[in-house]
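Below you'll find the structure, written out as structure tokens, and then a few comments.
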Amino acid sequence: MRQTARFWDKVAERYAKMPIRDEAAYQKKLQATRAYFRQDMEVLEIGCGTGSTAIAHAPWVKHIHAIDFSPKMIAIARGRAKENHIGNVTFENASVEELGVPTQSLDAVLALNLLHLLDDRDETISRVHAMLKPGGIFVTSTACIGDMSMLLRIVARTGGFLGVIPLFRVFTKRELEHSLTRAGFVIDYQWRPGKNKPVFIVAKRMG
Ligand SMILES: C[S@@+](CC[C@H](N)C(=O)[O-])C[C@H]1O[C@@H](n2cnc3c(N)ncnc32)[C@H](O)[C@@H]1O
Numbered sequence: 007m008r009q010t011a012r013f014w015d016k017v018a019e020r021y022a023k024m025p026i027r028d029e030a031a032y033q034k035k036l037q038a039t040r041a042y043f044r045q046d047m048e049v050l051e052i053g054c055g056t057g058s059t060a061i062a063h064a065p066w067v068k069h070i071h072a073i074d075f076s077p078k079m080i081a082i083a084r085g086r087a088k089e090n091h092i093g094n095v096t097f098e099n100a101s102v103e104e105l106g107v108p109t110q111s112l113d114a115v116l117a118l119n120l121l122h123l124l125d126d127r128d129e130t131i132s133r134v135h136a137m138l139k140p141g142g143i144f145v146t147s148t149a150c151i152g153d154m155s156m157l158l159r160i161v162a163r164t165g166g167f168l169g170v171i172p173l174f175r176v177f178t179k180r181e182l183e184h185s186l187t188r189a190g191f192v193i194d195y196q197w198r199p200g201k202n203k204p205v206f207i208v209a210k211r212m213g
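Below, the structure is given as structure tokens:
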């Protein structure tokens with residue numbers, strides 16, 4: 007298992023019990039995403055964690071395939087889906103980098119609190135673009151640590167090296183926007199609940 011997957015396995019039980027940090031912002035992001043959903047949609051969620059968001063969105067779409075490279079996260083997610091009698095979400099233990107999805111087969115891809123954790127976000131963004139049908143959407147919520155103060159960046163970096171938080175990539179909101187547009191996406195909606203908060207973006211594949 008990759009070192010980072012081991013980190014998430016170790017924290018999975020604790021992560022599952024953590025309250026949502028900003029409930030109002032979370033609800034607004036759910037609503038903003040659902041404004042794009044239709045009942046016939048095939049959705050992929052990458053880095054789904056304990057599955058709460060996939061389970062919350064399940065009634066609004068046809069099917070959600072949700073993946074995460076931490077086996078413990080996936081075990082918790084499957085348990086939650088069962089408890090909630092959710093039949094249209096399939097959880098899979100898989101890494102984003104190894105995931106094989108046919109081109110132009112999906113209506114929406116979600117990556118929530120994930121892109122800053124990936125070694126190569128540009129590669130993933132290009133692959134997501136290829137997976138989506140024309141008109142399909144890529145919904146992301148991303149910590150843009152490059153926009154934070156030097157002090158916060160040092161605290162975050164130190165935490166990463168000590169293994170208290172996962173290691174992450176540092177980039178700004180502007181750099182993330184460039185990554186998306188370079189891959190061929192058009193940014194359709196974006197919202198940042200506050201300074202230093204993750205940037206929520208809905209990007210659309212046009213042609
Ligand atoms: C910060 S958590 C976010 C979980 C969930 N999306 C949320 O918003 O609560 C990041 C998740 O991404 C997963 N993850 C990180 N890198 C990954 C990769 N390369 N492939 C698959 N999953 C990954 C971790 O295991 C973890 O569950």
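Residue numbers (the working numbering): 7 to 213. From the three backbone atoms N, C-alpha and C, an ideal C-beta is built for every residue, glycine too.
Item: Would you check if the distance between the CB atom of residue 215 and the CB atom of residue 181 is smaller than 8 Å?; Value: Not covered by the structure: residue 215. The range shown for the chain is 7 to 213.
Item: Considering only residues of the region 159-213, which uninterrupted alpha helix (DSSP H) runs meet the minimum length of 4 residues and lie entirely inside it, listed in chain order?; Value: 179-188
Item: Considering only residues of the same chain and omitting the five flanking positions on each side of residue 36, which have a CB-CB separation below 8 Å?; Value: 59, 62, 63
Item: Three or more C-beta pairs under 8 Å: does that hold for the region 39-49 against the region 104-117?; Value: yes
Item: Could you round the C-beta distance between residue 205 and residue 130 to whole angstroms and report it? I think they count as a contact, below 8 Å.; Value: Incorrect: roughly 16 Å between the Cβ atoms, too far for contact.
Item: Compute every distance between the C-beta of residue 59 and the non-hydrogen atoms of ligand 2, then say whether any falls below 7 Å.; Value: The model depicted lacks ligand 2 and carries ligand 1 instead.
Item: By how many angstroms is the C-alpha of residue 72 removed from the C-alpha of residue 79?; Value: 11 Å
Item: Going by the DSSP bridge assignment, what does residue 51 pair with across the sheet?; Value: 72, 116
Item: How far does the alpha helix (DSSP H) with residue 89 in it reach, from first residue to last?; Value: 77-89
Item: Assuming residue 58 is part of the alpha helix (DSSP H), what are its boundary residues?; Value: 58-63
Item: If you draw a straight line from the alpha carbon of residue 91 to that of residue 66, how long is it in whole angstroms?; Value: 15 Å
Item: On a CA-only basis, which of 56, 159, 96 is nearest residue 68? Give me that one, please.; Value: 96
Item: Could you check if residue 52 belongs to the surroundings of ligand 1, using beta carbon to heavy atom distance under 7 Å?; Value: yes
Item: When the Cα atoms are used, what is the spatial distance from residue 188 to residue 128?; Value: 9 Å
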